[in-house]
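The listed protein sequences correspond, in order, to chains A and B. FYI, the working numbering numbers position 230 of the first sequence as 232, with every residue one higher than the one before it. FYI, the working numbering numbers position 200 of the second sequence as 202, with every residue one higher than the one before it. We treat Cβ as the ideally placed atom computed from N, Cα and C, and that holds for glycine.
There are 2 protein chains.
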Amino acid sequence: MDAGERIEQALAQAVARTEAENAPPKLAGAIRHGVFPGGARARPRLTLAVARACGEDRPEMTNAAAAAIELLHCASLVHDDLPCFDDADTRRGLPSVHAAYGVPVALLAGDALIVLAFETLARSAVEAPDRLGALIGTVARAVGAPFGIAAGQAWESEPNPPAQQYRCSKTGALFVAATMAGAISAGQDPGPWRRLGHHLGEAYQVADDLLDAVATAEQHGKPVGRDAALGRPNAVAELGLNGAVERLERLIEDAMDAVPKSRGEEELRELVRLQALRLAPKRLLRSAA
Amino acid sequence: MDAGERIEQALAQAVARTEAENAPPKLAGAIRHGVFPGGARARPRLTLAVARACGEDRPEMTNAAAAAIELLHCASLVHDDLPCFDDADTRRGLPSVHAAYGVPVALLAGDALIVLAFETLARSAVEAPDRLGALIGTVARAVGAPFGIAAGQAWESEPNPPAQQYRCSKTGALFVAATMAGAISAGQDPGPWRRLGHHLGEAYQVADDLLDAVATAEQHGKPVGRDAALGRPNAVAELGLNGAVERLERLIEDAMDAVPKSRGEEELRELVRLQALRLAPKRLLRSAA
Chain A
3 MDAGERIEQA LAQAVARTEA ENAPPKLAGA IRHGVFPGGA RARPRLTLAV ARACGEDRPE
63 MTNAAAAAIE LLHCASLVHD DLPCFDDADT RRGLPSVHAA YGVPVALLAG DALIVLAFET
123 LARSAVEAPD RLGALIGTVA RAVGAPFGIA AGQAWESEPN PPAQQYRCSK TGALFVAATM
183 AGAISAGQDP GPWRRLGHHL GEAYQVADDL LDAVATAEQH GKPVGRDAAL GRPNAVAELG
243 LNGAVERLER LIEDAMDAVP KSRGEEELRE LVRLQALRLA PKRLLRSAA
Chain B
3 MDAGERIEQA LAQAVARTEA ENAPPKLAGA IRHGVFPGGA RARPRLTLAV ARACGEDRPE
63 MTNAAAAAIE LLHCASLVHD DLPCFDDADT RRGLPSVHAA YGVPVALLAG DALIVLAFET
123 LARSAVEAPD RLGALIGTVA RAVGAPFGIA AGQAWESEPN PPAQQYRCSK TGALFVAATM
183 AGAISAGQDP GPWRRLGHHL GEAYQVADDL LDAVATAEQH GKPVGRDAAL GRPNAVAELG
243 LNGAVERLER LIEDAMDAVP KSRGEEELRE LVRLQALRLA PKRLLRSAA
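Next comes the structure, spelled out in structure tokens:
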């Protein structure tokens, strides 16, 4: 089974556990809508790739880690799209969850997805209970306060948010968790994998800023120009278009350099390159050729 | 240290971990405001009492379980008070979190509290890693979908929600988790403790319905008459005032009968009685004397 199939299957199993005949149907629909169809699944792909590079020995735990990371990413998108934040009616070219199910159900779907992520990790613990505490701690720090996604998003409610910190919390933290969780689920020290996640997370944020600035809504699958309209820290506003492109290219190189010596080293570098190309506005990158 | 002090200390330690000098200050304030000052802390008291009755041997894990249960309760209140649900400007006699910090930060504070609950459990795993999976699974099921708090709340967005199921998910599930988590954190089988949590949860919901119907906002610490105004399943609307009082008394008796044979049996029955008296409108209960 290739990585993409493993991820979709793990997500399908997790989402199915939120459904039951005598449960509120709109919530179940909203949870499913928030997860499928997915985007690039960049974070769980990274988790699987790192686990493989670390000599994966508990595939069910790796699958759970990958699914949990993606469920938390989906939860953040569902909440981020709400009218009190981005007020985005579309996501991945479809109605956003609140556009399809209403604000109350969308808010609850985000909550339920956060909970589902941790439940999914807990279920995998039968395989290796001694890895669960570190896995949950690492994932939780990436999404909560003071330095996870919730904190990153909360900077948008502060005057003059520090650009670097905003980016690290809102996007970088979950990429760091994606790499580290891959190592933990394989029973390895996650420390050496932090730098790879850090550079990739920043690269993705800059790529997203570039898309927000130059793509059309159709290409991006969601409304564009929001950062400028909302006055948010943004690499394009900060560095100009060329400066942001240069920064993105530097970050992709840094990420490739940050892959630790491991048996899956080459495969991982290739994944990093491909993911970078997939997300960045191709015509802007010199290295895209 | 008595139960109340243990709970406040465990919550203070958890909340402090969401604070940092270079983190967004409003979010930290909102998280703290959502947890302190607390209400009756009925659920974590129950967790501690059950753990003691089960021969508690890992007090740090019990503290973490109690704190996690209360953090999730607080998260549900923060989200429940938002304009898209109860639109409540006050809670425990103070401004609700969104009234004090705005809707975006309140929404994120709820998210961060959910995450903090699981992080708190994970940190306690060093004491007994083999108990963590069951603990997190039990707690997660009580707050997510298909049968936890998120599902209970989502029934409010469905036509003609089933009263019993709505009540069980929105309130009962976390009481069940509170008793079961107490047993798990003490290394015991949680099964025999389910019934106690179930009856208590339903008793609390009926008590809350009675308060909503007859108390003043000042006594209740939050707006009253919301259930009737919003057409929600409600024991008073369903059974009448006297019928609801009779049901509450029956549920309190059922709860006392459901305390399993254990060394802390008598202490637990007394706690159940006291908690019931504390929450119910005293002048309505014959057994309050």
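Chain-ordered neighbours of residue i on chain B, where CB pairs are closer than 8 Å
i: Ile244/A; result: In the sequence under discussion, the amino acid at residue 244/A is Asn, which differs from the Ile named in the question. None at all; the shortest Cβ gap to chain B is about 30 Å.
i: Asp2/A; result: Past the boundaries of the shown model lies residue 2/A; chain A is included only from 3 to 291, so the question cannot be answered.
i: Ala185/A; result: Going along chain B, no residue has its Cβ under 8 Å from Ala185/A, so there is no contact; the nearest lies around 17 Å.
Below-9 Å beta-carbon distance, residue i vs any chain A residue
i: Ala231/B; result: no
i: Val99/B; result: no
i: Leu176/B; result: no
i: Glu204/B; result: no
i: Cys56/B; result: no
i: Gln155/B; result: yes
i: Gly223/B; result: no
i: Val145/B; result: yes
i: Leu109/B; result: yes
i: Gly112/B; result: yes
i: Ala179/B; result: no
i: Ala163/B; result: It should be noted that the sequence gives Pro, not Ala, for residue 163/B. Chain A contact via Cβ: present.
Chain A residues whose Cβ lies nearer than 7 Å to that of residue i
i: Glu21/B; result: Pro148
i: Asn24/B; result: Gln167
i: Ala237/B; result: Result: empty, since nearest Cβ-Cβ is about 20 Å, beyond 7 Å.
i: Ile33/B; result: Ala147
i: Ala257/B; result: Near Ala257/B there are no residues of chain A at all, since even the closest Cβ is about 24 Å away, more than 7 Å.
Neighbour-count burial assignment, residue i, 16 or more Cβ in a 10 Å radius
i: Asp259/A; result: exposed
i: Gln166/B; result: exposed
i: Glu7/B; result: exposed
i: Pro192/A; result: buried
i: Leu232/A; result: exposed
i: Asp89/A; result: exposed
i: Glu58/B; result: buried
i: Leu276/A; result: exposed
i: Glu10/A; result: buried
i: Asn24/A; result: exposed
i: Arg43/B; result: buried
i: Val107/B; result: buried
i: Arg280/B; result: exposed
Alpha-carbon spacing of residue i relative to residue j, whole angstroms
i: Glu160/B; j: Ala278/B; result: 31 Å
i: Ala257/B; j: Ala179/B; result: 15 Å
i: Ala12/B; j: Pro61/B; result: 11 Å
i: Pro39/B; j: Asp214/B; result: 21 Å
i: Ser126/B; j: Arg197/A; result: 27 Å
i: Gly269/A; j: Ala51/A; result: Checking the sequence shown, residue 269/A turns out to be Glu, not Gly. Distance between the alpha carbons of Glu269/A and Ala51/A: 8 Å.
i: Asn236/A; j: Asp210/A; result: 9 Å
i: Gly266/A; j: Glu272/A; result: 10 Å
i: Met182/A; j: Thr140/A; result: 7 Å
i: Val247/A; j: Leu253/A; result: 10 Å
i: His200/B; j: Gly36/B; result: 26 Å
i: Asp132/A; j: Gln221/B; result: 48 Å
i: Ala152/B; j: Ala119/A; result: 14 Å
i: Gly203/A; j: Val145/A; result: 14 Å
i: Val261/B; j: Gly189/B; result: 18 Å
i: Leu1/B; j: Ala239/B; result: This structure cannot settle anything about residue 1/B, because the visible part of chain B is limited to 3 through 291.
i: Leu137/B; j: Glu121/B; result: 12 Å
i: Ile71/A; j: Leu96/A; result: 22 Å
i: Ser171/B; j: Pro27/B; result: 33 Å
i: Ala185/B; j: Gly135/B; result: 14 Å
i: Ala142/A; j: Gly150/A; result: 8 Å
i: Leu110/B; j: Lys263/B; result: 42 Å
i: Gly223/A; j: Asp91/A; result: 10 Å
Where residue i meets chain B, residues with beta-carbon distance less than 7 Å
i: Phe87/A; result: Pro106
Proximity test, Cβ basis, 9 Å: residue i and chain B
i: Ala14/A; result: no
i: Ala291/A; result: Note that Ala291/A scores 36 on pLDDT, short of 50, meaning its location in the model is unreliable; the coordinates nonetheless yield the value given after this. Taking Cβ atoms only, chain B never reaches closer than 9 Å to Ala291/A, which makes this a no.
i: Ala90/A; result: no
i: Ala278/A; result: no
Under 8 Å from the C-beta of residue i: neighbouring residues of chain A
i: Glu160/B; result: Pro26, Pro27 and Lys28
i: Asp191/B; result: Here the premise fails: no neighbours, minimum Cβ distance about 17 Å.
Neighbour list for residue i in chain B, Cβ cutoff strictly below 9 Å
i: Ala188/A; result: Those do not exist, as Ala188/A stays about 17 Å from chain B at its closest Cβ, beyond 9 Å.
i: Ala102/A; result: Near Ala102/A there are no residues of chain B at all, since even the closest Cβ is about 13 Å away, more than 9 Å.
Chain A residues whose Cβ lies nearer than 9 Å to that of residue i
i: Ala260/B; result: Near Ala260/B there are no residues of chain A at all, since even the closest Cβ is about 23 Å away, more than 9 Å.
i: Ile4/B; result: Here the sequence assigns Asp to residue 4/B, which means Ile is not the residue at that position. Those within 9 Å of Asp4/B in chain A number zero; the least Cβ separation is about 29 Å.
message: Please list, in chain order, the residues of the region 128-142 of chain B that have any C-beta partner in chain A closer than 7 Å.
response: Val128, Pro131, Asp132, Leu134, Gly135, Ile138, Gly139 and Ala142
- prompt: When Cβ atoms are compared, which residues of the region 64-83 of chain B fall closer than 7 Å to chain A?
  reply: His81
message: Beta carbons nearer than 7 Å to chain A: which residues of the region 115-127 of chain B have them?
response: Ile116, Val117, Leu118, Phe120, Glu121, Ala124, Arg125 and Ala127
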